[in-house]
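Protein chains in written order, with the numbering used here: chain A, 1 to 154; chain B, 155 to 471. No residue lacks a Cβ here, since even glycine has one placed at the ideal position from N, Cα and C.
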Amino acid sequence: MEQRTELTVSAIENGTVIDHIPVDSLFTVVKFLDVEKLSNQVTIGYNFSSKKYGKKGIIKLANKFFKDDELNKIALVAPTATIITIKDFNIIEKKQVELPKNIGNIVKCINPKCITNNQDVDCQFSIINNPGEELKLQCHYCEKYTTKKNFMFK
Amino acid sequence: MTKATIFRWSLFFYTIMNKSLISITDYSKEELLQLIDLAYYFESHPEPELLKNKIIASLFFEPSTRTRLSFETAIQRLGGRIIGFADASVSSTQKGESLRDTIMTISLYADLIVMRHPIEGAARFASEVSRVPIINAGDGANQHPTQCMLDLFSIKKTQGTLENLKIALVGDLKYGRTTHSLVQAMSNFNATFYLVSPEELRMPASSIQTIKDHNLKYYEMKNLEDAIPEVDILYMTRIQRERFADPLEYERVKNSYILHNHMLDGSKDNLKVLHPLPRVNEINIDVDKNPKAYYFQQALNGVYMREALLAHTLGLK
């Protein structure tokens with residue numbers, strides 16, 4: 001009997017596939033996209049083989065299309081992610097996520113004295129991504145930096 | 155157009171014209187210089203009618219002596235009226251009211267709000283929910299832009315210029331917000347920085363980066379006496395015992411950063427000693443009689459600068 005060499009999950013007719021997600025960021029991406037609140041059919045693949053990265057995560061969302069700014073926040077934790085738009089089983093568009101300049105209320109500010117950690121105020125950050133430095137977020141309110149290793153997601 | 159529509163539009167335009175002062179980086183170099191000129195103007199031209207019929211809210215959610223009284227003096231000198239509190243325990247914050255609700259309400263009563271709050275970012279948030287401009291009189295350890303403005307005014311008054319000066323910042327450079335703001339502001343004027351602190355309280359990387367971004371020279375040093383002969387401005391700050399993990403380390407370094415009068419021998423003729431005050435013991439009182447001591451005049455300059463900031467923020471000058 002022929003041995004199957006690839007894992008398959010059902011193809012979607014229309015919708016969005018987010019591929020090449022680092023496995024340790026997969027469930028953060030799921031959270032970022034509020035997948036739990038969707039009524040669409042969603043397939044989440046964990047620890048799939050990847051020639052490029054060894055292992056990867058993948059999310060297929062049937063009949064769901066996103067705006068760029070909804071997807072680009074993924075770049076914060078999954079800079080390698082590829083966004084594939086599917087229509088009638090065909091790939092219409094394939095692109096990499098791009099890091100936005102600003103990001104909203106998905107990360108907590110590291111500063112315990114920041115107003116966002118003390119009153120009902122949403123976080124807002126500028127993303128600082130200088131070459132050769134760890135990616136960091138500057139809080140719009142208290143101006144403190146939260147580096148990637150200290151990210152705590154809301 | 156109905157009266158209600160006109161009212162809504164005027165509120166809308168008032169809101170978009172709302173130029174609050176939250177952080178020293180809200181001002182361009184040109185604006186910094188304009189405000190210094192305005193502070194000179196108020197020093198020599200009292201304008202007791204300028205804020206006539208204006209109500210200024212002075213909201214001090216955290217106690218302050220100098221900043222609050224300096225602001226209230228500035229408001230009174232310009233003929234404005236003051237509402238507010240000097241301590242959050244006498245405000246509705248004590249009952250659990252959110253900052254959002256306090257500011258939204260008071261911004262309906264006053265023409266401008268001066269506020270100090272212990273939570274960092276409180277002033278920026280207040281400026282987003284207020285119908286009137288906010289002047290940040292300190293938000294925790296974050297920003298205290300009016301202190302920085304009066305420091306710039308004092309430097310300009312004593313040196314005649316802000317350009318190409320050598321400035322020593324001494325003491326707690328890690329937690330001291332005034333030194334961080336001064337680095338941000340003076341980086342516009344080609345300053346050279348002498349950063350004098352114990353190892354534990356060195357200037358944070360973010361402020362060093364600001365200096366580097368402007369391609370300016372800086373020297374980090376531990377010995378105060380090495381910096382004194384070099385500089386035009388000696389900006390002293392307090393070293394606090396509670397900043398040290400090891401109390402023995404504090405005992406070892408504490409006296410290294412106390413300025414005595416004899417240490418100013420051999421300093422430049424134009425040198426001036428500044429301090430944001432209050433001082434504890436980091437400047438010995440024998441320095442007070444030295445003409446190079448400028449910290450009390452610096453505190454007075456705060457009144458003129460705050461007059462300038464009030465007038466500018468309200469669009470009156």
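Compute the beta-carbon to beta-carbon distance between residue i and residue j, rounded to the nearest angstrom, for a pair I have assumed lies under 8 angstroms.
i	j	result
residue 73 of chain A	residue 106 of chain A	6 angstroms
residue 189 of chain B	residue 463 of chain B	7 angstroms
residue 137 of chain A	residue 145 of chain A	7 angstroms
residue 16 of chain A	residue 275 of chain B	About 35 angstroms separates the two Cβ atoms, so there is no contact after all.
residue 278 of chain B	residue 325 of chain B	About 27 angstroms; that fails the 8 angstroms criterion.
residue 413 of chain B	residue 436 of chain B	7 angstroms
residue 22 of chain A	residue 80 of chain A	6 angstroms
residue 196 of chain B	residue 461 of chain B	4 angstroms
Based on the DSSP secondary-structure assignment, which residues constitute the bridge partners of residue i?
i	result
residue 82 of chain A	A:19, A:96
residue 293 of chain B	B:271
residue 375 of chain B	B:350
residue 238 of chain B	B:212
residue 75 of chain A	Residue 75 of chain A pairs with nothing; no bridge assigned.
residue 139 of chain A	A:125
residue 321 of chain B	B:347, B:387
residue 62 of chain A	A:15
residue 288 of chain B	B:267
residue 447 of chain B	B:427
residue 145 of chain A	A:138
Measuring alpha carbon to alpha carbon, tell me which of the options ends up nearest residue i.
i	options	result
residue 366 of chain B	B:375, B:414, B:240, B:341	B:341
residue 10 of chain A	A:43, A:77, A:29, A:38	A:43
residue 438 of chain B	B:410, B:311, B:375	B:410
residue 18 of chain A	A:88, A:136, A:93	A:93
residue 226 of chain B	B:212, B:218, B:217, B:216	B:212
residue 182 of chain B	B:373, B:344, B:396, B:339	B:339
residue 111 of chain A	B:271, B:471, B:296, B:300	B:296
residue 59 of chain A	A:130, A:102, A:118, A:27	A:27
residue 154 of chain A	A:34, A:14, A:41	A:34
residue 470 of chain B	B:401, B:206, B:177, B:197	B:206
residue 240 of chain B	B:221, B:250, B:249	B:221
residue 390 of chain B	B:401, B:197, B:378	B:378
residue 456 of chain B	B:276, B:202, B:291	B:291
residue 318 of chain B	B:399, B:347, B:298	B:347
residue 47 of chain A	A:101, A:123, A:24, A:100	A:24
residue 67 of chain A	A:78, A:51, A:100, A:79	A:100
residue 215 of chain B	B:299, B:280, B:180	B:280
residue 214 of chain A	A:61, A:141, A:147	The structure shown does not extend to residue 214 of chain A, since chain A spans only 1 to 154, so no value can be given for it.
residue 358 of chain B	B:407, B:330, B:459, B:403	B:330
residue 376 of chain B	B:351, B:368, B:452	B:351
residue 139 of chain A	A:130, A:121, A:131	A:121
residue 177 of chain B	B:201, B:224, B:300	B:300
residue 452 of chain B	B:458, B:308, B:466	B:308
residue 360 of chain B	B:193, B:374, B:334	B:334
Whole angstroms are fine: how far does the CA of residue j sit from the CA of residue i?
i	j	result
residue 199 of chain B	residue 253 of chain B	37 angstroms
residue 187 of chain B	residue 441 of chain B	30 angstroms
residue 233 of chain B	residue 109 of chain A	41 angstroms
residue 263 of chain B	residue 427 of chain B	41 angstroms
residue 336 of chain B	residue 417 of chain B	24 angstroms
residue 20 of chain A	residue 49 of chain A	10 angstroms
residue 286 of chain B	residue 53 of chain A	53 angstroms
residue 293 of chain B	residue 210 of chain B	19 angstroms
residue 269 of chain B	residue 83 of chain A	46 angstroms
residue 387 of chain B	residue 322 of chain B	6 angstroms
residue 305 of chain B	residue 447 of chain B	14 angstroms
residue 133 of chain A	residue 127 of chain A	12 angstroms
residue 433 of chain B	residue 394 of chain B	11 angstroms
residue 255 of chain B	residue 236 of chain B	20 angstroms
residue 468 of chain B	residue 284 of chain B	14 angstroms
residue 384 of chain B	residue 320 of chain B	7 angstroms
residue 266 of chain B	residue 229 of chain B	11 angstroms
residue 1 of chain A	residue 98 of chain A	Bear in mind that the predicted position of residue 1 of chain A carries a pLDDT of just 45, short of 50, making it too unreliable to give a figure here.
residue 344 of chain B	residue 85 of chain A	51 angstroms
residue 175 of chain B	residue 364 of chain B	20 angstroms
residue 151 of chain A	residue 39 of chain A	29 angstroms
residue 415 of chain B	residue 118 of chain A	45 angstroms
residue 349 of chain B	residue 445 of chain B	24 angstroms
residue 327 of chain B	residue 424 of chain B	24 angstroms
residue 167 of chain B	residue 289 of chain B	Summary for residue 167 of chain B: the model assigns pLDDT 49, below 50, so the residue's position carries little reliability; its value from the coordinates is reported in the next sentence. Their backbone Cα atoms lie some 19 angstroms apart in a straight line.
residue 170 of chain B	residue 282 of chain B	Since pLDDT at residue 170 of chain B reaches only 44, below the 50 mark, its modelled position is unreliable, and no value is offered.
residue 124 of chain A	residue 76 of chain A	14 angstroms
residue 407 of chain B	residue 400 of chain B	11 angstroms
residue 258 of chain B	residue 13 of chain A	50 angstroms
**Study point:** Contact residues within the region 263-275 of chain B, judged by C-beta distance below 8 angstroms to chain A
**Key:** 272, 273, 274, 275
Check your understanding: Between the region 120-151 of chain A and chain B, which residues of the former have a C-beta closer than 8 angstroms to a C-beta of the latter?
Key -> 120, 121, 139, 140, 141, 142, 143, 144, 145
**Study point:** Against chain B: residues of the region 84-112 of chain A by CB proximity under 7 angstroms
**Key:** Of all residues in the region 84-112 of chain A, 111 have a Cβ within less than 7 angstroms of some Cβ in chain B.
Review point. For the region 50-76 of chain A, which residues have a beta carbon sitting closer than 7 angstroms to at least one beta carbon of chain B?
Key: none
**Study point:** Residues from the region 291-311 of chain B in contact with chain A, defined by Cβ distance under 9 angstroms
**Key:** 293, 294, 295, 296, 297
Exercise for review: Please list the residues of the region 274-288 of chain B that have a C-beta atom closer than 7 angstroms to any C-beta atom in chain A, keeping them in chain order.
Suggested key: 274, 275, 276, 278, 279
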